[in-house]
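In the numbering used here, the protein residues as written are 43 to 627. See structure below.
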C-alpha cells in the first residue's frame with residue numbers, strides 16, 4: 043500500500059508500501075529494446091478483510107505500559123496535516139494520532155483490513171458508485187468534543203484544496219462525482235455533490251465511475267475527521283486534532299515531535315491500536331550512520347530507541363552473527379524507487395540514453411544498499427507486489443549492472459543531443475547522498491551529458507522534489523502501494539490530467555492522450571477485469587514513453603534497542619507499526 047516517499051538523491055528510501063483477463067500485449071504495441079513479451083507473474087500482495095472485527099484490539103502477551111519510545115531518523119518531514127500526509131514515515135506516525143474510516147491490522151503476520159472509525163468496511167451499491175459509512179459511538183477528539191459525520195465530510199472536501207494543501211492523495215479528483223471541477227471548501231464552499239451527511243453518524247460518498255477500492259482508500263490519514271471550526275489551514279500541520287491514542291505535545295517545530303497519551307481515546311472503539319508507552323519522542327534530520335551505530339551500541343537511553351532508516355551495508359556486516367542482529371527486524375515493502383525524468387524538458391531519445399547510462403551498481407555501493415535485503419532489481423513502474431504485475435524490461439538491463447556509457451553516448455549522437463544538460467537536487471549536508479550525487483554526475487558525464495548537481499539542505503528535500511517549478515529535470519522518488527491493486531499506482535502518478543496541479547503529483551509531467559485514456563478506461567473496469575490491464579499499461583508506458591528509470595525495489599529493516607519490544611513491520615505501509623510497540627522496564 044503506499045505512499046510516495048520523495049527524496050532528493052538516495053537511490054533507495056529507507057523505511058519507507060481476482061481473476062485474470064488477457065495476458066497478451068496491448069494491440070499494436072511491441073516490447074521495448076531488449077524487452078521480452080510481458081508475462082504474468084504470481085501475486086505477492088494479499089490483504090484480507092474482516093468487516094466484523096471487534097474492539098478493543100487483541101491483547102499482546104507480556105506487554106508492559108509506560109516509558110518513552112525514542113525514534114531517530116535522518117528524514118525531515120515537512121507536514122503533519124492529515125490532508126497532505128503521504129509519505130511512509132509520516133503516515134506511520136499519524137496512525138497514532140489520526141484515525142481513518144478503516145485500518146489495517148496484522149494477524150499471524152498477515153494484513154487484514156478492518157473498521158476504524160466506521161462500524162464496518164463501508165456499504166457500496168451494486169456498481170460501486172455509491173459508498174455509505176456509519177461512525178461508531180464514542181468517538182472523541184482530544185478536547186473531548188464528539189466526532190461527527192460532517193467532520194469526515196469536511197476532510198473529504200479539504201482533499202480538493204490543491205492550491206493550499208497539495209501533496210496528498212488525489213484519487214478523489216478522478217472518482218468522486220464532481221471531483222473534476224470542485225476546488226475545495228476554501229474556494230467553492232461546502233456544497234460538494236459527492237458527499238452527503240444525512241445525520242451525525244452517516245457519510246455517503248458518490249462516484250462518477252466505479253471505485254471498488256474505496257474501502258482501502260478511506261484507511262489513509264486524508265480521511266481523518268477535521269472539524270471545520272478548528273481548521274487553521276496551513277497551520278493545522280503544527281497540531282492536528284487527535285482522534286487516536288496519542289496527541290501532539292505542543293506544536294510541531296520542524297525538528298522534534300513528542301506525542302503523549304490522548305485521554306479521550308477509547309480503546310473500546312478501536313479494533314487495532316494500543317496505548318502502551320507513555321510518549322513517543324521523534325528526532326529528525328540526524329546522520330543515518332550515526333543513528334545506526336548508536337542503536338547497535340545499545341547504551342543508556344538508546345536501549346529504548348528505534349531507527350527506521352534501512353540499515354547500511356557496513357553496519358549490517360558489523361552486526362551479522364552478533365546479538366545486535368537479533369534487534370534488526372526485516373520485512374518486505376511494497377515499494378519501488380525511481381529517477382523520474384521531466385518529459386516536458388527531456389526528449390524521449392534522451393530519456394532512453396539516460397536510462398542506458400544509469401550507474402545502478404555504483405550507486406548502490408555509495409548509498410550502502412544491501413542486495414537481497416534492502417534492495418532488489420526493479421524494471422517496472424508498479425512494484426512487483428502489485429496484483430496483475432507483469433515482468434517487463436523496457437530498458438534491457440534487468441534492473442542491474444552499472445550502465446553502458448558507450449551505448450548511451452551513441453544514442454545521444456544519433457539524436458544530435460550530445461551535451462544535453464541534466465540536473466537534480468541532492469542533500470549537501472548528508473554524506474551518503476553527496477556520494478551518490480558524485481557517482482551519478484560522473485557516470486552521466488561519461489555518457490556525454492552535461493550535468494548539474496544542485497546542492498540543497500536535507501530539510502528541503504521533500505519540498506524541492508514536490509515543487510514543479512524547480513529547475514531540476516530529474517526527480518528522485520519512491521512509490522508504494524496504497525492498496526493491493528494497480529489502481530493505487532498508475533492513476534495516482536501517471537494520469538496526465540493531474541500534470542498541471544500545484545506541486546508535482548505527476549513527477550514526470552507525462553500528459554499524453556493514449557495513456558490518460560487507458561487509465562480512464564481501466565479505472566472503470568470491474569476490479570477482477572482490471573487486474574492484468576494495469577500490468578499491460580505499465581509495460582506500454584515504459585516501452586513508448588519511458589518517463590522513469592527504475593532504481594530498485596526496497597525492503598524494510600528496523601533497528602531497535604534491547605528494551606524495545608513487539609516490533610511489527612507494517613508490510614502494507616513499509617514501516618514499523620508504532621501502535622503495537624511497548625518498552626520493557
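Beta carbons are placed, not taken as given, at the ideal position from N, Cα and C, and that holds for glycine.
For residue 156, the number of other beta carbons within 10 angstroms of its own is at least 16, and it is reported as buried. Residue 576 carries a helical assignment under DSSP once its states are collapsed to helix, strand and coil. For residue 334, the CB contacts under 7 angstroms within the same chain, skipping 5 residues up- and downstream, are 349, 353, 354, 357 and 601 in chain order. Short of 7 angstroms from the beta carbon of residue 244, and not among the five residues preceding or following it, lie these beta carbons of its own chain, in chain order: 174, 176 and 191. A straight-line Cα-Cα distance of about 43 angstroms links residue 347 and residue 239. Residue ranges of uninterrupted beta strand (DSSP E) with 3 or more members, entirely inside the stretch 438 to 525 and ordered along the chain, are 463 to 469, 492 to 498 and 516 to 522. In this structure, the alpha-carbon of residue 573 lies about 10 angstroms from that of residue 526. Assignment of beta-bridge partners to residue 156 by DSSP yields 145.
The stretch 575 to 593 makes contact with the stretch 548 to 560: 3 or more CB pairs, one atom from each, lie closer than 8 angstroms.
DSSP places residue 194 in the helix class (H, G or I) of the three-state scheme.
In the displayed model, residue 557 falls within a helix according to three-state DSSP. CA-to-CA, the gap between residue 515 and residue 564 works out to about 30 angstroms.
In the structure shown, residue 612 adopts extended strand secondary structure according to DSSP, grouped into three states. In this structure, residue 312 lies near residue 98, with their beta-carbon atoms less than 8 angstroms apart. Going by DSSP, residue 541 is part of no alpha helix (DSSP H) at all; its letter is neither H nor E. Around the beta carbon of residue 561, 16 or more other beta carbons lie within 10 angstroms, which makes this residue buried. Residue 275 and residue 214 have their alpha carbons spaced roughly 20 angstroms apart.
Bounds of the beta strand (DSSP E) holding residue 376 are 370 to 383.
Apart from sequence neighbours up to five positions away, the residues of its chain that approach residue 595 with a beta-carbon distance below 7 angstroms are 377, 378, 418, 420, 425 and 426, ordered along the chain.
In this chain, residue 422 is not harboured by any beta strand (DSSP E), its DSSP state being neither H nor E.
A straight line joining the alpha-carbon of residue 524 with that of residue 258 spans about 8 angstroms. Exposure of residue 513 is indicated by the presence of fewer than 16 other C-beta atoms within 10 angstroms of its C-beta. The beta carbon of residue 309 sits closer than 6 angstroms to the beta carbons of 98 from its chain, once the five residues preceding and following it are set aside; these are given in chain order. Counting every other CB atom within 10 Å of its CB across the protein chains shown gives residue 137 a total of 16 or more, marking it as buried. In the three-state reduction of the DSSP assignment, residue 596 falls in the strand class. When only Cα atoms are considered, residue 117 and residue 320 end up about 24 angstroms apart.
Under the DSSP assignment, residue 140 falls outside any alpha helix (DSSP H); it carries neither an H nor an E label.
For residue 172, the enclosing beta strand (DSSP E) starts and ends at 172 to 176. Taking one beta carbon from each stretch, the stretch 334 to 344 and the stretch 360 to 375 have 3 or more pairs nearer than 8 angstroms; the two touch. If you draw a 10 Å sphere on the C-beta of residue 609, you find 16 or more other C-beta atoms in it, and that means buried. Rounded to whole angstroms, the Cβ separation of residue 248 and residue 172 is 5 angstroms, and the two are in contact under 8 angstroms. When the Cα atoms are used, residue 317 and residue 107 turn out to be separated by approximately 8 angstroms. For residue 219, no beta strand (DSSP E) run applies, since DSSP gives it neither H nor E.
Non-local C-beta neighbours of residue 280 in its own chain, meaning closer than 6 angstroms and more than five positions away in sequence, comprise 293 and 294, ordered along the chain.
In this chain, the alpha helix (DSSP H) harbouring residue 535 covers 532 to 536. The way I'd put it, the stretch 428 to 444 doesn't touch the stretch 287 to 306; fewer than three beta-carbon pairs between them come closer than 8 angstroms.
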